[in-house]
Every structure is written in C-alpha cells, then in structure tokens.
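**Q** Numbering (this note's numbering), first residue to last: 1 to 234.
Glycine included, every Cβ here is placed at the ideal spot set by N, Cα and C.
1) Rounded C-beta distance between residue 121 and residue 103? I'm assuming under 8 angstroms.
2) Are the CB atoms of residue 58 and residue 25 within a distance shorter than 7 angstroms?
3) Suppose you measure from the CA of residue 234 to the CA of residue 209; what does that come to, to the nearest Å?
4) Along the chain, which unbroken stretches of the alpha helix (DSSP H) at least 4 residues long are found entirely within the stretch 14-47?
5) State buried or exposed for residue 21, treating a residue as buried only when at least 16 other CB atoms are found within 10 Å of its CB.
6) In whole angstroms, what separates the C-alpha of residue 17 from that of residue 65?
7) State the DSSP-derived secondary structure class of residue 188, mapped to helix, strand or coil.
8) Under the DSSP definition of a beta bridge, which residues are partnered with residue 104?
9) With the cut-off set at 7 angstroms, would you say residue 108 and residue 13 are in Cβ contact?
10) Check each candidate in 87, 153, 70 and name the one with the smallest Cα separation from residue 32.
11) Just curious, the alpha helix (DSSP H) that residue 53 is in, first and last residue?
12) Looking only at its own chain, which residues have a Cβ that is under 6 angstroms from the Cβ of residue 85, when we skip the five neighbours before and after it?
13) With a CB to CB cut of under 7 angstroms and the five nearest residues on each side skipped, what residues in its chain are close to residue 202?
14) If you reduce the DSSP assignment to three classes, tell me which class residue 199 lands in.
15) When every heavy atom of the ligand SAH is checked, does at least one fall within less than 6 angstroms of the C-beta of residue 51?
16) Out of curiosity, what's the CA-to-CA distance linking residue 52 and residue 91?
17) Tell me whether residue 133 is buried or exposed, calling it buried when 16 or more other Cβ atoms sit within 10 Å of its Cβ.
18) For residue 150 and residue 39, what's the separation of their Cα atoms in angstroms?
19) On the CB-based measure, 16 or more other CB atoms within 10 Å of its CB, does residue 50 come out buried or exposed?
20) By the three-class DSSP mapping on this structure, what secondary structure does residue 140 have?
21) For residue 138, is the classification buried or exposed, using 16 other Cβ atoms within 10 angstroms of its Cβ as the cut-off for buried?
22) Under 7 angstroms between the Cβ atoms of residue 15 and residue 126?
23) Counting only the same chain and skipping the five closest in sequence on each side, list residues whose C-beta sits under 6 angstroms from that of residue 61.
24) Do residue 55 and residue 140 have their beta-carbon atoms positioned less than 7 angstroms apart in this structure?
25) Whole-angstrom Cβ separation of residue 275 and residue 111, contact assumed at under 8 angstroms?
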C-alpha cells in the first residue's frame, strides 16, 4: 500500500489541541506556563513552525501554527512534549506520562476561516470562565494580537496582516472581531474538525487537501465510504 503523505503540509495552518492525560492538570503555577512558552519558542524555531496563536489552559493547550519544514510540526510537538514532561515531573516529584496520547488537529483554510480560529482559541479562557474578557488572561496570545504587546514567539499570519497597514489599525480591527457574539454552530464545527482530524474550510479547500495528503478531511456522509469506487457488475 502506498504511504500516505504528511497530514501537516508545508504552508497550511494547523489548529492543534493537546490535552493532559485523563484531563489532568498540565500547569500548576505561573512558572509552568512560562517554561512551556519558552520551549515552544525554542522548538518552533528549531523545526521551522510559525506560531500565530496560543492559549495554555489548566489541562490542555491550543496552538494555531504553520509548518515551514516537512515533518516540522510533529517533531516540534514531540521534542516540546518530552522536554516539558521532564520538567513537570521533576517539579512535581512524579513519574509517567502527562499528555493524552496523540495531539488532535485540523488543517485550516487561510482565506475566510483562519481568523475565526484565532478568535476561537483566544476566547477559550472566557468560555471556560477563567476570565470575563480575553485581555485578562495572561497565558494566551490575545494581548499580542489585539493590543500589540511585543513577542518573539508570535509570528503573524498573512491573513492577520491584511487587517490593516499599521499595527494600530490591525489591533483595532482585531479587537472588533471579539465584539461579535460567538455562533455555536461555528464553535462546534471547529471542535468537530479538530477532534476528528478534518479540515476547516470550504469544500474546494477540503478537496484540494485530500488530493495533497491522501487523507480524508471531510465528514463522511452516510452510504459510500471514502475511496469507494463503483465496480462493474459481473
């Protein structure tokens, strides 16, 4: 059987979700969050993955990133996970695994869809009732994307840069995005795409991704499975 191509093609944004094993805490104090972000910067640079958005929650993390090197995303997550687990186990006098198996992810169409995932990730702390507004949560990228806080980690995507010619214009437009109410069907589509490893985008984008990767990234409709080919009757 032919080997499937990579599931994270170069240049296509990826929304990534990684949970603690059995939903256990991955971060116990501020130093834990800071350490994770430090190593995220180190390994994202090493494996050429551009980080656009993040939100570190008590028992899971969200990233929106774009790999620029074949295999770079999986190698980054593997190296980062191992480094952080060693640190976390030492700090907490524990042994064993920390993460819940493989991370979950979905490919994201840049045009018309990427900024929706920006918003989804940076509002996670509000939906989880950690804070009442995203600007109050220190362990996400909102203060960078919405308020212009300097960051050596965050690399703005071209779709974000289209919001305005200047930083002031971009941050103003970005904040306006968060004034809109969240559509539950959109939130569910992002969750479903991520949990099932599908693509978040329009039909033509999904078809193109399937051709590129050899993997199914659309929800199966009832009836014929992916790859089904009608056979001639004997």
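**A** To lay it out plainly:
1) With 8 angstroms as the limit, residue 121 and residue 103 do not qualify as a contact, their Cβ atoms being about 14 angstroms apart.
2) yes
3) With a pLDDT of 30 at residue 234, under the threshold of 50, the predicted position of this residue should be treated as unreliable, and no value is reported.
4) 30-46
5) exposed
6) 11 angstroms
7) helix
8) 17
9) yes
10) 87
11) First-last for residue 53: 49-56, but that is the beta strand (DSSP E), not the alpha helix (DSSP H).
12) 98
13) 109
14) strand
15) Ligands displayed in this structure: none; no statement on the ligand SAH is therefore possible.
16) 29 angstroms
17) exposed
18) 18 angstroms
19) buried
20) strand
21) exposed
22) no
23) 18
24) yes
25) The question about residue 275 has no answer here: the residues shown for the chain are numbered 1 through 234.
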